[in-house]
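Enquirer: From first to last, the protein sequence lines stand for chains A and B.
The UniProt record's numbering puts the first residue of the first sequence at 1, with every later residue one more than the last.
The UniProt record's numbering puts the first residue of the second sequence at 1, with every later residue one more than the last.
Just so you know, even glycine gets a beta-carbon here, dropped at the ideal spot from N, CA and C.
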Amino acid sequence: MAPKLPPHHSLQHSSTTATAGGQVHDDHDHHPQPRGIMRWLLTTNHKEIGSLYLIFSLIMFFIGGIFALVVRAELFQPGLNLINPEFFNQMTTMHGLIMVFAAVMPAFTGLANWMIPLQIGAPDMALPRLNNFSFWLLPVAFTLLLSTLLMPGGGPNFGWTFYAPLSTTYAPPSTTFFILSLHIAGVSSILGAINIVATILNMRAPGMRMMDMPLFVWTWLITAFLLIAVMPVLAGVITMMLMDINFGTSFFDAAGGGDPVLFQHLFWFFGHPEVYIMILPAFGIVSAIIPTFARKRLFGYASMVYATASIAVLSFLVWAHHMFVVGLPLAATLFFMYTTMLIAVPTGVKVFNWITTLFRGSITFEVPMLFALAFVVLFTIGGFSGLMLAIAPADFQYHDTYFVVAHFHYVLVPGAVFSIMAAVYYWLPKWTGHYPSEILGKWHFWLSVIGVNLTFFPMHFSGLAGMPRRIPDYALQFADFNLVSSLGAFLFGFSQLIFVWVIIKCVRGGVKAPAKAWDGAEDLEWSVPSPAPLHTFETPPDFKPVQH
Amino acid sequence: MRKMLALMTGGGTLFGGASLAHANGWNMPVGVTDLSAEIYTLHMTIFWICVVIGIVVFGVMFYSLFKFRRSKGAKSAHFHENTTVEVIWTAVPLLILVGMAVPATATLQKMYDASDAELDVMITGQQWRWRYEYLGEDVAFNSNMSTPRAQITGEEERGEHYLLEVDEPLVLPINRKVRFLLTADDVIHSWWVPDFAVKQDTIPGFINENWVRINEPGIYRGQCAELCGMDHGFMPIVVHAMEEDEFDQWLVERKEAAEAEAMGVDREWEMDELMERGEQVYGSICASCHQADGGGSPPAFPGLAGNQELIDDVDWHIDVVLNGVSGTAMPAFRSNLNPVELAAVVTYSRNAWGNDTGDAVQPAEIVELLE
Numbered sequence: 001m002a003p004k005l006p007p008h009h010s011l012q013h014s015s016t017t018a019t020a021g022g023q024v025h026d027d028h029d030h031h032p033q034p035r036g037i038m039r040w041l042l043t044t045n046h047k048e049i050g051s052l053y054l055i056f057s058l059i060m061f062f063i064g065g066i067f068a069l070v071v072r073a074e075l076f077q078p079g080l081n082l083i084n085p086e087f088f089n090q091m092t093t094m095h096g097l098i099m100v101f102a103a104v105m106p107a108f109t110g111l112a113n114w115m116i117p118l119q120i121g122a123p124d125m126a127l128p129r130l131n132n133f134s135f136w137l138l139p140v141a142f143t144l145l146l147s148t149l150l151m152p153g154g155g156p157n158f159g160w161t162f163y164a165p166l167s168t169t170y171a172p173p174s175t176t177f178f179i180l181s182l183h184i185a186g187v188s189s190i191l192g193a194i195n196i197v198a199t200i201l202n203m204r205a206p207g208m209r210m211m212d213m214p215l216f217v218w219t220w221l222i223t224a225f226l227l228i229a230v231m232p233v234l235a236g237v238i239t240m241m242l243m244d245i246n247f248g249t250s251f252f253d254a255a256g257g258g259d260p261v262l263f264q265h266l267f268w269f270f271g272h273p274e275v276y277i278m279i280l281p282a283f284g285i286v287s288a289i290i291p292t293f294a295r296k297r298l299f300g301y302a303s304m305v306y307a308t309a310s311i312a313v314l315s316f317l318v319w320a321h322h323m324f325v326v327g328l329p330l331a332a333t334l335f336f337m338y339t340t341m342l343i344a345v346p347t348g349v350k351v352f353n354w355i356t357t358l359f360r361g362s363i364t365f366e367v368p369m370l371f372a373l374a375f376v377v378l379f380t381i382g383g384f385s386g387l388m389l390a391i392a393p394a395d396f397q398y399h400d401t402y403f404v405v406a407h408f409h410y411v412l413v414p415g416a417v418f419s420i421m422a423a424v425y426y427w428l429p430k431w432t433g434h435y436p437s438e439i440l441g442k443w444h445f446w447l448s449v450i451g452v453n454l455t456f457f458p459m460h461f462s463g464l465a466g467m468p469r470r471i472p473d474y475a476l477q478f479a480d481f482n483l484v485s486s487l488g489a490f491l492f493g494f495s496q497l498i499f500v501w502v503i504i505k506c507v508r509g510g511v512k513a514p515a516k517a518w519d520g521a522e523d524l525e526w527s528v529p530s531p532a533p534l535h536t537f538e539t540p541p542d543f544k545p546v547q548h
Numbered sequence: 001m002r003k004m005l006a007l008m009t010g011g012g013t014l015f016g017g018a019s020l021a022h023a024n025g026w027n028m029p030v031g032v033t034d035l036s037a038e039i040y041t042l043h044m045t046i047f048w049i050c051v052v053i054g055i056v057v058f059g060v061m062f063y064s065l066f067k068f069r070r071s072k073g074a075k076s077a078h079f080h081e082n083t084t085v086e087v088i089w090t091a092v093p094l095l096i097l098v099g100m101a102v103p104a105t106a107t108l109q110k111m112y113d114a115s116d117a118e119l120d121v122m123i124t125g126q127q128w129r130w131r132y133e134y135l136g137e138d139v140a141f142n143s144n145m146s147t148p149r150a151q152i153t154g155e156e157e158r159g160e161h162y163l164l165e166v167d168e169p170l171v172l173p174i175n176r177k178v179r180f181l182l183t184a185d186d187v188i189h190s191w192w193v194p195d196f197a198v199k200q201d202t203i204p205g206f207i208n209e210n211w212v213r214i215n216e217p218g219i220y221r222g223q224c225a226e227l228c229g230m231d232h233g234f235m236p237i238v239v240h241a242m243e244e245d246e247f248d249q250w251l252v253e254r255k256e257a258a259e260a261e262a263m264g265v266d267r268e269w270e271m272d273e274l275m276e277r278g279e280q281v282y283g284s285i286c287a288s289c290h291q292a293d294g295g296g297s298p299p300a301f302p303g304l305a306g307n308q309e310l311i312d313d314v315d316w317h318i319d320v321v322l323n324g325v326s327g328t329a330m331p332a333f334r335s336n337l338n339p340v341e342l343a344a345v346v347t348y349s350r351n352a353w354g355n356d357t358g359d360a361v362q363p364a365e366i367v368e369l370l371e
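1) DSSP has ASP315/B in a bridge; who is on the other side?
2) Select from ARG158/B, ALA260/B, MET230/B the residue whose C-alpha is nearest the C-alpha of HIS290/B.
3) Which residues in the same chain have their Cβ closer than 8 Å to the Cβ of residue 568/A, if we skip the five residues on either side of it in sequence?
4) Here's the rule: buried if 16 or more other CB atoms are within 10 angstroms of the residue's CB, otherwise exposed. What is ALA332/A?
5) Could you tell me if SER147/A is buried or exposed, where buried requires 16 or more neighbouring beta carbons within 10 angstroms of its beta carbon?
6) At a CB-CB cut-off below 7 Å, which residues of chain B make contact with PRO152/A?
7) Under 8 Å by Cβ, that's how I've got residue 373/B and ALA258/B pegged, so tell me the actual separation to the nearest angstrom.
8) As a quick exercise: from LEU447/A, VAL452/A, ARG470/A, ARG469/A, pick the residue whose alpha carbon is nearest that of ILE498/A.
9) Quick one: complete alpha helix (DSSP H) runs, 4+ long, within the segment 126–177 of chain A?
10) Can you tell me the Cβ-Cβ gap for ILE358/A and ILE290/A, rounded? I've got them flagged as a contact below 8 Å.
11) Which class does THR202/B belong to by DSSP, given the choice of helix, strand or coil?
12) CA-CA distance, ASP542/A and MET125/A?
13) Should the segment 228–244 of chain B be regarded as contacting the segment 137–157 of chain B, the criterion being three or more beta carbon pairs within less than 8 Å?
14) Regarding MET60/A and the ligand ATP, is the C-beta to nearest heavy atom distance less than 6 Å?
15) Cα separation between PRO129/A and THR44/A?
16) By a C-beta neighbour count over all protein chains shown, 10 Å radius and 16 as the cutoff for buried, is HIS78/B buried or exposed?
17) Rounded to whole angstroms, what's the CA-CA distance from ASN210/B to MET330/B? Just pull it up for me.
18) Does VAL92/B come out as helix, strand or coil in the three-state DSSP assignment?
19) Please look up how many angstroms separate the CB atoms of ALA255/A and SER349/B, rounded, as I've assumed it's under 8 Å.
20) Exposed or buried, residue 375/B, counting other C-beta atoms within 10 Å across all chains shown (16 or more means buried)?
21) Whose C-alpha, out of ASN82/B, VAL56/B, THR347/B, TRP353/B, is nearest the C-alpha of GLY303/B?
22) Do you know offhand how far ALA239/B's Cα is from TYR220/B's?
23) Have a look at HIS444/A and TRP218/A and give me their C-alpha separation to the nearest angstrom.
24) Which residues of chain B have a Cβ atom closer than 8 Å to the Cβ of ILE355/A, listed in chain order?
25) Is it buried or exposed, LEU135/B, if we count other Cβ atoms within 10 angstroms and call 16 or more buried?
26) For chain A, find out if any of its Cβ atoms is closer than 7 Å to the Cβ of PHE180/B; answer yes or no.
27) At a CB distance below 9 Å, what residues from the segment 266–282 of chain A approach chain B? Give them in sequence order.
28) Could you tell me whether the Cβ atoms of GLY510/A and HIS434/A are closer together than 7 Å?
29) Report the residue from PHE87/A, ALA164/A, PHE384/A, PHE269/A whose alpha carbon sits nearest the alpha carbon of THR45/B.
30) According to a CB-to-CB cut-off of less than 9 Å, which residues of the segment 398–420 of chain A neighbour chain B?
31) Which of the three DSSP states, helix, strand or coil, is assigned to TRP446/A?
32) Compute the Euclidean distance between the alpha carbons of SER174/A and MET94/A, then round it to the nearest angstrom.
33) In whole angstroms, give me the CA-to-CA distance for ARG204/A and LEU524/A.
34) For VAL32/B and GLY154/A, I'd like the C-alpha separation in whole angstroms.
35) Given that SER303/A touches chain B, what residues does it touch there, using C-beta distances under 7 Å?
36) Between the segment 185–201 of chain B and chain A, which residues of the former have a C-beta closer than 8 Å to a C-beta of the latter?
Structure follows, in structure tokens:
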């Protein structure tokens, strides 16, 4: 996904770069652009950093995917066939951690880096050096995390939610490294979020009001505030773990006066907004793609913004719905059940808006549109199971079963991940100057859709029938569902090789894309040439707001 | 509302394909308590609501995708806002949700009312077994998975209740309100029997409460639902629900057996007796971590065979078994095992696998230490 190297003259041309404050830099004359690896280590360019984020996330997507396939291979048939329970627990844990923190979150940050300046007509991110630092923290964090697998006692084996005291008193010695790596990743997220907020609030093209911003910018602005609010909570809770493990405190140890449930309250106060961090930017992407290929303006722009903001506010008030069976008082259970059910309202508004955008449009089915449409359908299915899970009495049965696994994979894989793929197909012409292969893209899409449903749909049934999550072996009545899930997982996993092939092919060549690569596309990024030169909008664009 | 719920459940029975109380294989069981049936009804109600909404929403979506294709010459319209429509599709879901919240609240209130129980059972989660204690009855025992290792590794054919069978099931009476008090010794576990719709985390240092009134005698199976370490997948729950008089008789027998065992504390035990009993206790309690051959799995679970510290110091050995080692996975067994079992298991591990210390620890010595 690396952008084409810019033509040489554009580098010389960029020796004076206007920033938001109107000062003029001329560092390029004094410091010749480094080459090779140093160019990527030192880059402060939002497009190059965006590409680094996206490539990093793609690599991590495959590593996390391999862990998932190890899990699915073990669960293909009853019995302990390939790996022992100890390693199985490390694989489920690492799969979750890598996919959440190293694949999905960096992918969205990469898209933000590339597209937010282009969509608001800014020359770069507000804090370019910080941007470089935010990215390069990630390879450090996740190399450290992955290295725990090789340490004595193995890597984290307590689930990605790392409930104490399993993750403190009973954890492997490598847990301290796990905590450090999560701290580093957290710092990266906070810095990235600060940069995004600063960029959006300060660097919009003259004349672009907040309510003129594309929805991807809006959803990312709200996401960034969520990140700034909750990543410090995560940092706090893992620091408390660190103290319990190494310095004899008892925050989560009942024997010393602590409370294991306190861990869960703190974790989910971070964790629930975190899951919206992984879906709000997806809403923004889909809200860009559907109008483009329906050739009709997004229905209900303002209500989309309000719905996103409502979801963000509600996300702070629902955390204990992950904890209905820990023994909450009745009043708390009722409160969290009601707030959770409320989330269905703004989420419903979004789905209705997308569908009304399609209504009486002029629709075509290019690959980005296919992924966006699949997102709407499959994310909604994940929303339905979410609504079922909100009903607290029924959650006593659903909780910690494969029904929950089915639910969150529906919102995260054909939800978040499909939206990222849609975004890649949608913006590849802007990044590389070439259209991605339509035929390969359609193969990738259909195999992914089939694979994802084969994998996750049967999990609804095995969960309802009583299969707990995170078990390495299961009773015989769950065998058929698990067999189908495993086959689906391998189909989905290997289909992603097509995705890599499409991207490499598209970087190398293909049908040339014009500045406005899709005829229905409206936003500012389509006003710059394809591929986008290294430096864009050095003078602010002429922005004419559409009447929203 | 009640009529609608009844209708939904009718549909639910069709969908679930069974008035069979359990084991239909792909839907939530109706279960064998009033509450489990009520929860099943809520589940099917919200399910059918989702199905209906899904049909409408996806119906409009796919209609638009077929009807308004550019290849069919569709020209796009220009509308992009409509306050009336937007207010309607905010308000209607809100009303549906209120309609769902009312019966859900009523059910929750019943679930939370554990008052007036006729029997109290303490359930303790441990890595990786359950301990059941009939409070006030002096009856307590551990319940371990009984599926042989050879079935798990595939050397032996798997039985019908593979992974869902135990050496000693929890025995409960039907038609009586039984209150569960749940806690744990080490990490968080979760006690779950789908047919009762009871799932409750067991949390070290805290006591949770739940209850059940079983309507039909039978054998009901469940599993630990909260990740609790290596053998999380291997700590099943089996409940044997009996007619009331049958249960009372069972309880009397268990009490007598417990008294007989208590008598044994005072007499001198032979080495062979201790070894035999010790091997049994070791196999059900210790072997999951320290392994049947005493090899352990270091660093978390040290080996006992040839362990010099253990061989040299009998007092230290007894102390570890009685009181556990804080900051490690080794729990205190002083209240989990009776003095005979404690003496036997210490004797066994001091003499098995070539440890050959020749020490026979007597139950009476343990009693002294426990006081």
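Expert: Reading it off the structure:
1) The residue labelled residue 315/B in the question sits at position 315 within the second sequence. None, per the DSSP bridge assignment.
2) In the second sequence, residue 290/B corresponds to position 290, counting from 1. Of the listed residues, the one whose Cα sits closest to HIS290/B is MET230/B.
3) Residue numbering for chain A in the displayed model covers 1 to 548; residue 568/A lies beyond these limits and cannot be assessed.
4) Position 332 of the first sequence, counted from the start, is the residue given in the question as residue 332/A. ALA332/A comes out exposed.
5) Walking along the first sequence from the start, residue 147/A turns up at place 147. SER147/A comes out exposed.
6) Within the first sequence, numbered from 1, the residue matching residue 152/A stands at position 152. Neighbours of PRO152/A on chain B, chain order: PRO299.
7) This structure does not reach residue 373/B, given that chain B is present from 1 up to 371, and the question cannot be answered.
8) Residue 498/A sits at position 498 when you count from the first residue of the first sequence. When each option's Cα is compared against that of ILE498/A, the closest is LEU447/A.
9) 128–147
10) Along the first sequence, read from residue 1 onward, the residue named residue 358/A stands at position 358. Along the first sequence, read from residue 1 onward, the residue named residue 290/A stands at position 290. The amino acid at residue 358/A is misidentified as Ile; the sequence shows Leu. Going by Cβ atoms, the distance from LEU358/A to ILE290/A rounds to 7 Å, so yes, they are a contact pair.
11) Numbered from its first residue, the second sequence carries residue 202/B at position 202. Of the three classes helix, strand and coil, the one that applies to THR202/B here is strand, per DSSP.
12) Taking the first sequence and counting its residues from 1, one reaches residue 542/A at position 542. Taking the first sequence and counting its residues from 1, one reaches residue 125/A at position 125. The alpha-carbon atoms of ASP542/A and MET125/A are separated by roughly 19 Å.
13) yes
14) The ligand ATP is absent from the structure shown, which contains no ligand whatsoever.
15) Reading the first sequence from its first residue, position 129 is the one you call residue 129/A. Reading the first sequence from its first residue, position 44 is the one you call residue 44/A. Sequence check: residue 129/A is Arg here, not Pro. Approximately 6 Å, taken between the alpha carbons.
16) Counting from 1 along the second sequence, the entry for residue 78/B is found at position 78. Classification of HIS78/B: exposed, given that the 10 Å Cβ count is below 16.
17) Taking the second sequence and counting its residues from 1, the one referred to as residue 210/B is at position 210. Taking the second sequence and counting its residues from 1, the one referred to as residue 330/B is at position 330. Their backbone Cα atoms lie some 28 Å apart in a straight line.
18) Stepping through the second sequence from its first residue, residue 92/B is reached at position 92. Note: VAL92/B maps to helix in three-state DSSP.
19) Within the first sequence, residue 255/A is the residue found at index 255, counting from 1. Within the second sequence, residue 349/B is the residue found at index 349, counting from 1. Not a contact, Cβ separation roughly 25 Å.
20) Any question about residue 375/B goes unanswered here, given that chain B covers just 1 to 371.
21) Taking the second sequence and counting its residues from 1, the one referred to as residue 303/B is at position 303. Selected option, being the one with the closest Cα: TRP353/B.
22) As a position in the second sequence, residue 239/B is number 239, starting the count at 1. As a position in the second sequence, residue 220/B is number 220, starting the count at 1. Here the sequence assigns Val to residue 239/B, which means Ala is not the residue at that position. Between VAL239/B and TYR220/B, the C-alpha separation is close to 5 Å.
23) Your numbering for residue 444/A matches position 444 in the first sequence. Your numbering for residue 218/A matches position 218 in the first sequence. Distance between the alpha carbons of HIS444/A and TRP218/A is about 29 Å.
24) By 1-based counting over the first sequence, the position of residue 355/A is 355. Going along chain B in sequence order, the residues near ILE355/A (Cβ under 8 Å) are VAL57, VAL60, MET61, SER64.
25) If you number the second sequence from 1, residue 135/B lands on position 135. It is exposed - the Cβ of LEU135/B has fewer than 16 other Cβ atoms within 10 Å.
26) Looking up residue 180/B in the second sequence gives position 180. It does not: the Cβ of PHE180/B has no partner Cβ on chain A nearer than 7 Å.
27) none
28) Locating residue 510/A in the first sequence gives position 510, where the first residue counts as 1. Locating residue 434/A in the first sequence gives position 434, where the first residue counts as 1. Closer than 7 Å, so yes.
29) The residue you call residue 45/B lines up with position 45 of the second sequence. Checking every option, the nearest Cα to that of THR45/B belongs to PHE384/A.
30) TYR398, HIS399, ASP400, THR401, PHE403
31) Locating residue 446/A in the first sequence gives position 446, where the first residue counts as 1. The answer is helix: DSSP assigns TRP446/A an H, G or I state.
32) Residue 174/A sits at position 174 when you count from the first residue of the first sequence. Residue 94/A sits at position 94 when you count from the first residue of the first sequence. Each residue's Cα considered, the two are about 13 Å apart.
33) By 1-based counting over the first sequence, the position of residue 204/A is 204. By 1-based counting over the first sequence, the position of residue 524/A is 524. One C-alpha to the other measures close to 11 Å.
34) Taking the second sequence and counting its residues from 1, the one referred to as residue 32/B is at position 32. Taking the first sequence and counting its residues from 1, the one referred to as residue 154/A is at position 154. Rounded to the nearest angstrom, the two C-alpha atoms are 43 Å apart.
35) Here residue 303/A is taken as the residue at index 303 of the first sequence, counted from 1. Per Cβ cutoff of 7 Å: GLU86.
36) ASP186, VAL187, ILE188, SER190, TRP192, PRO194, ALA197, VAL198, LYS199, GLN200, ASP201
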